[in-house]
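Chains C and Z, in that order, give the protein sequences.
Heads up: the first sequence begins at 31 in the numbering used here, then just goes up one per residue.
Heads up: the second sequence begins at 2 in the numbering used here, then just goes up one per residue.
Structure first, then comments.
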Amino acid sequence: MRLHEYQAKEVFADAGIPVPDSQLASTVDEAVAAVEAIGFPAAIKAQVHVGGRGKAGGIKIASSVEEAREYADEILGMDLKGYHVDRVLVEAGVDFEDELYVGVTMDRGEGRPVAMVSEQGGVDIEAVAEEDPDAIAREHIDPAFGMHPFQARKAVYDAGIDRDIARQVSSILTTLYDLWADTDASDAEINPLMVTSEREVIAADAVLNVDDDALFRHPDLAEMEDEAAGDELEAKANEYGFDYVRLSGNVGIIGNGAGLVMTTLDLVDYYGGEPANFLDIGGGAKAERVTNALDMVFSDPNVDSVVFNIFGGITRGDEVAKGINEALEAFDEIPKPVVVRLAGTNAEEGMEILNTELVQVEGTLEDAVQRAVENAQEVSQ
Amino acid sequence: MSILVDDDTRVVVQGITGGEGSFHTEQMMAYGTNVVAGAVPGKGGQEVQGVPVYDTVHDAVAEEDADASVVFVPPAFAGDAMFEALDTSLDLVVAITEGVPTQDMSKVYRRLSETDTHLIGPNCPGIITPGEAKLGILPGNIFSDGNVGLVSRSGTLTYQVVDSLTQRGIGQTTAVGIGGDPIIGTSFVDALELFEADTETKAVVMCGEIGGEDEEQAAQFIAREMDTPVAGFIAGRTAPPGKRMGHAGAIVSGSGTGTAESKIEALNDAGVPVGDTPEEVADHVEGFLS
Chain C
31 MRLHEYQAKE
41 VFADAGIPVP
51 DSQLASTVDE
61 AVAAVEAIGF
71 PAAIKAQVHV
81 GGRGKAGGIK
91 IASSVEEARE
101 YADEILGMDL
111 KGYHVDRVLV
121 EAGVDFEDEL
131 YVGVTMDRGE
141 GRPVAMVSEQ
151 GGVDIEAVAE
161 EDPDAIAREH
171 IDPAFGMHPF
181 QARKAVYDAG
191 IDRDIARQVS
201 SILTTLYDLW
211 ADTDASDAEI
221 NPLMVTSERE
231 VIAADAVLNV
241 DDDALFRHPD
251 LAEMEDEAAG
261 DELEAKANEY
271 GFDYVRLSGN
281 VGIIGNGAGL
291 VMTTLDLVDY
301 YGGEPANFLD
311 IGGGAKAERV
321 TNALDMVFSD
331 PNVDSVVFNI
341 FGGITRGDEV
351 AKGINEALEA
361 FDEIPKPVVV
371 RLAGTNAEEG
381 MEILNTELVQ
391 VEGTLEDAVQ
401 RAVENAQEVS
411 Q
Chain Z
2 MSILVDDDTR
12 VVVQGITGGE
22 GSFHTEQMMA
32 YGTNVVAGAV
42 PGKGGQEVQG
52 VPVYDTVHDA
62 VAEEDADASV
72 VFVPPAFAGD
82 AMFEALDTSL
92 DLVVAITEGV
102 PTQDMSKVYR
112 RLSETDTHLI
122 GPNCPGIITP
132 GEAKLGILPG
142 NIFSDGNVGL
152 VSRSGTLTYQ
162 VVDSLTQRGI
172 GQTTAVGIGG
182 DPIIGTSFVD
192 ALELFEADTE
202 TKAVVMCGEI
212 GGEDEEQAAQ
222 FIAREMDTPV
232 AGFIAGRTAP
242 PGKRMGHAGA
252 IVSGSGTGTA
262 ESKIEALNDA
272 GVPVGDTPEE
282 VADHVEGFLS
């Protein structure tokens, strides 16, 4: 789960990381009032789950009330890379000399956390990592002990941070690690960490992504989830509890197990079609879940044909067949042609009860995918 | 021959009194697995499927001489269950649980480095030596015994590939689903090393997916250490960058690492043919064995 900048800053500030004065606004008048309270210059920042907001026109610096009104009006309601902006954070502009980067993430290859510091902040840090990996100092942390203060100091010195602010930066890094661990985060980042002309260090941005699997331990953070922040269909999938990703093609794909669903997508592509979505109904799905899955895929106007690929292990073929029947029998006319392939646990029982007047049946994965691709080509013509 | 499990393996089921634990204990025993005990705090003294339940894994190991455990414990308690298993003398721990917090796994992984135990999973279908024993939730009927080893990050993809092999009369020594999470106990390299050492295993299938660099590391290991031929499959060629495709680990970063192309290229460079479809993987294996 990804927090908005204003939410992440609240969490960071509570932990003791310095952040600029700010207020959240959802109307132009609120934004202007906030700017008047905070003073000039003030940054007006779109609160959407999109990287590179500044470049896309989602962050503007206002030096007067007129500018604040103009920028707030521009940004509120704008479409930023597909996301509707309905809130802005109005924040005191920082007069800075340097921009740094600090972050903590899980190094999956090592199986343990890594803390990172760079004096090249304020830019796309992934690009820095690729082009000049040595510009980022890295310190792996033993999760059993947490980050020792010496490790924070070492990372800061290795990154070549100016000595007069080294103590402040290493203290922020230690705090950031503790916060990362306490919130079950996957990433916690400050980019840029600004250095003012008075040599004070302040977090001008804040990123906090929390492990979805650990949200049960953090009801306060779970409450911050912004359902409306994503795609409409993805929000619906979230409600149903599916792993779902919307794609740009026209062949709807439903299956069980992430690897098998990805393989089905790949085969659709291999046989000349284009996947419309990734939808994993998960393990042990009952009939109702199957019905919901079909409802999901039929709600996507781009879908011209559907392939249902089930290899039962923990999932039972008869339950799946029951769900498909229930979903399709509710229609006077099936919205899009559906191809079903059932294998594994109780597949034979499933085939016996499956209403084959409503669906096409194929015995192998390859045949099912090819049939669905042909259906999509016919429908779209 | 086989790797890690056979008909001598003595299994304790952690979480045996739960719905999943109880159902799959029955399934495992019906397959012939030697389930000797269950372990559930507070449920010591009960019986499930005729198997005695103990309050602790320590008691189950001491009383029933178990050497492996299967974990069917809900995600909030699964990390602790793995720590408990690693605190005993077990040779093998198989964690089926899906949705274990990554930071919990990081700590388990750290603890694992201090033990001699093999941990498979979490978020995996388990391990099966056809005709002898299965530890986990794999559907036993699609497997047949033979001389091909299989290691996979995905459960249902394992079934798909095994089905293709079995239908051609190609049986398996052992199939192991290592799980799709970012941090797992047994990696491709660990499993490949075991298959390479197993004299019965004449060929290996490795099913990978986008995300991480485990497949790339496996490719280096194959080139350097393996004489047994390996055929590969990589799921997620069409996955868009930045999106999580079900498995927590199946996410392509924006910078080009962990993509299907990089994995396929690394495997090809190591002399591993990668099938475009599961059937093509079976074709390659057939080629190795003929």
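Glycine included, C-beta positions come from ideal geometry on N, C-alpha and C.
Small disclaimer: the values here were computed from a predicted structure and weren't measured.
Please state whether the Cβ-Cβ distance between residue i and residue j is less than 8 angstroms.
{"i": "C/L309", "j": "C/M326", "result": "yes"}
{"i": "C/S335", "j": "C/A402", "result": "yes"}
{"i": "Z/V54", "j": "Z/E48", "result": "yes"}
{"i": "Z/G127", "j": "Z/L139", "result": "yes"}
{"i": "C/G287", "j": "Z/T157", "result": "yes"}
{"i": "Z/V231", "j": "Z/V273", "result": "yes"}
{"i": "C/V95", "j": "C/V62", "result": "yes"}
{"i": "Z/V205", "j": "Z/G172", "result": "no"}
{"i": "Z/A67", "j": "Z/A96", "result": "no"}
{"i": "Z/A236", "j": "Z/E210", "result": "yes"}
{"i": "Z/S144", "j": "Z/I129", "result": "One detail in the question is off: residue 144 of chain Z reads as Phe in this sequence, not Ser. Going by C-beta atoms, Z/F144 is nearer than 8 angstroms to Z/I129."}
{"i": "Z/T187", "j": "Z/F196", "result": "no"}
{"i": "Z/D1", "j": "Z/E85", "result": "This structure cannot speak to residue 1 of chain Z, because chain Z is shown only from 2 to 291."}
{"i": "C/V144", "j": "C/R168", "result": "yes"}
Can you have a look at residue i and say buried or exposed, based on whether 16 or more other CB atoms are within 10 angstroms of its CB?
{"i": "C/D250", "result": "exposed"}
{"i": "Z/Q221", "result": "exposed"}
{"i": "C/T386", "result": "exposed"}
{"i": "Z/D215", "result": "buried"}
{"i": "Z/M106", "result": "buried"}
{"i": "Z/P131", "result": "buried"}
{"i": "Z/R225", "result": "exposed"}
{"i": "C/N307", "result": "buried"}
{"i": "Z/T118", "result": "buried"}
{"i": "C/Q400", "result": "buried"}
{"i": "C/A215", "result": "buried"}
{"i": "C/D128", "result": "buried"}
{"i": "Z/S155", "result": "buried"}
{"i": "C/F361", "result": "exposed"}
{"i": "C/A67", "result": "exposed"}
{"i": "Z/F234", "result": "buried"}
{"i": "C/G69", "result": "exposed"}
So which residues of chain C does residue i contact, with C-beta pairs closer than 8 angstroms?
{"i": "Z/H248", "result": "A288 and G289"}
{"i": "Z/E214", "result": "G139"}
{"i": "Z/G22", "result": "Under the 8 angstroms cutoff, chain C gives no residues; its nearest Cβ is about 13 angstroms from Z/G22."}
{"i": "Z/G33", "result": "By Cβ distance, chain C contributes nothing, its closest Cβ being about 18 angstroms from Z/G33, past 8 angstroms."}
Quick one: list the residues of chain Z neighbouring residue i, beta-carbon separation under 7 angstroms, in chain order.
{"i": "C/F433", "result": "Since the first and last residues shown for chain C are 31 and 411, residue 433 of chain C lies out of range."}
{"i": "C/V41", "result": "Neighbours of C/V41 on chain Z: none; closest Cβ ~16 angstroms, over 7 angstroms."}
{"i": "C/F7", "result": "Outside the displayed span of chain C (31 to 411) sits residue 7 of chain C, for which this structure offers no information."}
{"i": "C/E396", "result": "T278 and E280"}
{"i": "C/F328", "result": "Near C/F328 there are no residues of chain Z at all, since even the closest Cβ is about 21 angstroms away, more than 7 angstroms."}
Would you mind telling me which residues of chain Z sit closer than 8 angstroms to residue i, beta carbon to beta carbon, in chain order?
{"i": "C/S216", "result": "T103"}
{"i": "C/G343", "result": "P126, I138, L139, P140, G156, T157 and Y160"}
{"i": "C/F361", "result": "Ordered by position in chain Z, no residue passes the 8 angstroms Cβ test against C/F361, which lies about 28 angstroms from the chain."}
{"i": "C/F338", "result": "Ordered by position in chain Z, no residue passes the 8 angstroms Cβ test against C/F338, which lies about 13 angstroms from the chain."}
Using the beta-carbon of each residue, which ones in chain C are nearer than 7 angstroms to residue i?
{"i": "Z/T239", "result": "L295, D296, D299 and P305"}
{"i": "Z/E210", "result": "G289 and M292"}
{"i": "Z/D164", "result": "A373"}
{"i": "Z/I292", "result": "This structure cannot speak to residue 292 of chain Z, because chain Z is shown only from 2 to 291."}
{"i": "Z/K244", "result": "V275"}
Under 9 angstroms between beta-carbons, which chain Z residues line up against residue i? List them in chain order, please.
{"i": "C/P143", "result": "Q104 and S107"}
Whole-angstrom Cβ separation of residue i and residue j, contact assumed at under 8 angstroms?
{"i": "C/V199", "j": "C/V158", "result": "Not really, about 17 angstroms apart at Cβ, beyond 8 angstroms."}
{"i": "C/G285", "j": "C/I340", "result": "7 angstroms"}
{"i": "Z/V190", "j": "Z/A219", "result": "5 angstroms"}
{"i": "C/V80", "j": "C/K39", "result": "Between C/K39 and C/V80 the Cβ distance is about 17 angstroms, and since that is not below 8 angstroms, they are no contact."}
{"i": "C/E35", "j": "C/K75", "result": "7 angstroms"}
{"i": "C/E149", "j": "C/L130", "result": "6 angstroms"}
{"i": "Z/K244", "j": "Z/I252", "result": "7 angstroms"}
Name, please, each residue of chain C whose Cβ falls closer than 9 angstroms to the Cβ of residue i.
{"i": "Z/R111", "result": "G141, R142, D172, P173 and A174"}
{"i": "Z/I17", "result": "What Z/I17 touches in chain C: nothing, since even the nearest Cβ is about 17 angstroms away."}
{"i": "Z/I179", "result": "Per Cβ cutoff of 9 angstroms: no residues; Z/I179 is ~11 angstroms from chain C at best."}
{"i": "Z/I265", "result": "Within 9 angstroms Cβ-Cβ: nothing; Z/I265 doesn't reach chain C, min ~11 angstroms."}
Task: Residues within the stretch 154 to 174 of chain C neighbouring chain Z, beta-carbon criterion of under 9 angstroms - done: For the stretch 154 to 174 of chain C, which is checked against every Cβ of chain Z, the residues closer than 9 angstroms are E156, A157, A159, E160, D172, P173 and A174.
- [ ] Using a Cβ-Cβ cut-off of less than 7 angstroms, give me the residues of the stretch 220 to 246 of chain C that come near chain Z, in sequence order.
- [x] So the close ones are D241, D243, A244 and F246.
Open item on the list: Tell me which residues of the stretch 309 to 335 of chain C have at least one Cβ-Cβ distance to chain Z shorter than 7 angstroms, keeping chain order.
Closed with: Those would be D310, in chain order.
- [ ] Report the residues of the stretch 198 to 215 of chain C with a CB closer than 9 angstroms to any CB of chain Z, ordered along the chain.
- [x] Listed by position along the chain: W210, A211, D214 and A215.
TODO: Check each residue of the stretch 224 to 236 of chain Z: if its Cβ is closer than 9 angstroms to any Cβ of chain C, include it; give the result in chain order.
DONE: Hits within the stretch, in order: F234, I235 and A236.
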